[in-house]
Amino acid sequence: MELENIMEESVKVMENDFYSKKFYFSYSSLNKLLWNPVVFHSMYILGIKEERVDQHLVQGKIIHALLLEAEKFNDQFIVSPGKLPGDGVRAVVDRVFNHFKELSLSGDTRTNLEHFDGAILDVMKDMNYFQALKTDQQRLDKIISPETINYWDFLKTKGNKTLIDQETFDFCKSAVELVKADQSVCKLIGCNTTQFDNIEVHNEILLQAESTTKPFGIKGIIDNLVINHDEKVIYINDVKTTSKELKDFPETIEFYSYWLQAVMYCSLVANTYKELIEINGYELKFNFVVIDKMFQTYAFAVSEPTLKVWLNRLNDTMDKAEWHYVNKRYDLPYDFATGSVTL
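With the sequence shown counted from 1, adding 1 to any position gets you the working numbering.
Structure (structure tokens):
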């Protein structure tokens with residue numbers, strides 16, 4: 002009972018800390034609040050971040066970096082000189098390595114993978130990995146090998162960078178080269194813009210906006226923002242990689258609520274470049290630049306009528322977010338929490 006009270010008190014402290022500062026919703030946090038308030042509460046209020054290492058997500062990040070900010074690629078990623086272990090073995094080694102880092106902060110002097118045989122066996126048991134083998138030594142032999150020892154040593158040098166293998170890097174580099182070969186897409190995102198063009202290109206730009214009617218604000222990192230001063234057009238380009246085909250993307254927009262991301266980005270840009278739009282008459286245009294599983298690339302332009310519909314949906318979404326935020330209710334999505342769902 003005492004432990005339960007301590008945990009409840011700890012949660013209250015974290016909640017008070019969260020509400021002591023103004024919160025700015027990103028597309029990701031707002032989408033999580035809509036679909037699963039419990040996960041939102043865990044991640045953004047309690048600070049329990051989820052680790053996502055899915056291959057397609059990593060590939061998407063690599064393509065983003067190589068396409069939009071190639072000069073910063075080495076700050077985010079490190080390419081392994083050898084082949085990485087398979088997903089299962091790698092998951093075991095990663096968890097043991099995190100254990101090693103925690104122990105080293107407490108003065109533990111062990112540094113080699115083979116020194117952590119007990120932790121390896123515990124992790125394998127927890128994952129139910131190779132538990133059909135008869136002996137612990139047989140299980141350890143599946144994990145401790147020249148390949149995993151090399152991977153372990155590499156983990157110790159990579160810091161906070163994302164580790165990728167050469168094959169993945171080459172795959173993503175080929176995808177980016179094909180995208181850049183598409184002249185219309187390249188022009189849209191400002192690939193070949195020179196100092197003599199009357200065009201501004203901003204990649205991975207962080208924007209933030211206050212709300213006059215809500216107790217929170219919004220923020221977002223725009224993939225690619227191109228301001229063409231001759232055309233008086235501001236292009237907002239969001240790069241998406243998909244494991245499906247181009248023809249499936251309209252459905253994907255609704256499934257992942259990408260419409261929410263689009264209209265939030267438009268609102269942020271409209272607020273930041275208010276003078277250009279309202280005084281100088283600049284037009285705002287939004288595009289999803291989509292790279293499908295076959296490296297086919299297409300820029301899906303979003304029409305003004307569609308953006309207006311999405312803006313109305315955003316207003317409704319913000320009202321729901323305010324209800325959760327003000328009432329501190331994160332147990333169920335809004336429609337269920339308010340009893341609005343009937344059959």
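Cβ atoms here follow ideal geometry from the backbone N, Cα and C, with glycine treated the same way.
The model shown is predicted, which means the values in this text are computed figures rather than measured ones.
Hey, residue i and residue j are a contact pair by Cβ (cut 8 Å); roughly how many whole angstroms apart?
i	j	result
Ile228	Ile190	About 12 Å; that fails the 8 Å criterion.
Lys181	Thr243	Actually they do not touch by this definition, with Cβ atoms about 19 Å apart.
His224	Asn204	Going by the sequence as given, residue 224 is Asp instead of His. Yes, Asp224 and Asn204 are in contact; Cβ-Cβ is about 7 Å, under 8 Å.
Ala322	Leu34	6 Å
Val80	Val186	Not really, about 26 Å apart at Cβ, beyond 8 Å.
Thr163	Val59	7 Å
Val202	Thr195	That belief does not hold up - the Cβ atoms of Val202 and Thr195 are roughly 11 Å apart, past 8 Å.
Pro216	Val327	7 Å
Taking C-beta to C-beta, are residue i and residue j nearer than 8 Å?
i	j	result
Asn288	Ala300	yes
Gly221	Lys23	no
Ile254	Leu226	no
Thr298	Asp183	yes
Ile165	Phe78	yes
Val240	Glu284	no
Ile63	Thr213	no
Tyr25	Gln209	yes
Phe41	Tyr259	no
Thr339	Leu31	no
Lys174	Leu67	yes
Leu106	Phe296	no
Lys84	Glu148	yes
Leu312	Val264	yes
Pro334	Trp153	no
Ile145	Glu103	no
Ile292	Ala176	yes
Would you mind reading off the limits of the alpha helix (DSSP H) that contains residue i?
i	result
Lys259	The identity of residue 259 in the sequence shown is Tyr, whereas the question assumes Lys. Where Tyr259 is concerned, the enclosing alpha helix (DSSP H) stretches over 259-273.
Leu122	118-128
Thr253	250-256
Val177	167-181
Asn75	74-77
Asn151	147-159
Phe1	This structure leaves residue 1 out entirely; the chain is present only between 2 and 344.
Ser29	28-36
Ala71	It is not in any alpha helix (DSSP H) - Ala71 carries neither H nor E in the DSSP assignment.
Phe197	No alpha helix (DSSP H) holds Phe197; DSSP gives it neither H nor E.
Leu333	Premise fails: Leu333 is in no alpha helix (DSSP H) and is neither H nor E.
Val186	184-190
Ile144	137-144
First and last residue of the beta strand (DSSP E) that includes residue i?
i	result
Leu1	Nothing can be reported for residue 1, as the shown portion of the chain is limited to 2 through 344.
Ala300	298-303
Phe98	Element bounds for Phe98: not the beta strand (DSSP E) but the alpha helix (DSSP H), 88-106.
Val234	234-242
Asp224	218-229
Which term fits residue i, buried or exposed, when burial requires 16 or more other beta carbons within 10 angstroms of its beta carbon?
i	result
His325	buried
Asn238	buried
Gln262	buried
Asn113	exposed
Leu69	buried
His65	buried
Pro251	exposed
Gln139	exposed
Phe101	buried
Tyr20	exposed
Phe117	buried
Ile121	buried
Pro86	buried
Ile280	exposed
Lys286	buried
Leu269	buried
Val124	buried
Val97	buried
Leu315	buried
Using a Cβ-Cβ distance under 8 Å, would residue i count as near chain E?
i	result
Leu179	The chain inventory of the structure shown lacks chain E, comprising one protein chain alone.
Using only the heavy atoms of the ligand HEM, determine whether one of them is closer than 7 Å to the beta carbon of residue i.
i	result
Met295	The ligand HEM is not among the ligands present in this structure, which contains no ligands whatsoever.
Legend entry - Three CB pairs or more closer than 8 Å across the region 39-47 and the region 155-165: No: the two stretches stay apart, fewer than three of their Cβ pairs being nearer than 8 Å.
Inset, instruction - Inspect the CB distances between the region 125-145 and the region 83-96 and report whether three or more fall short of 8 Å. - result: With a cut-off of 8 Å on Cβ pairs, the region 125-145 is in contact with the region 83-96, counting three or more such pairs.
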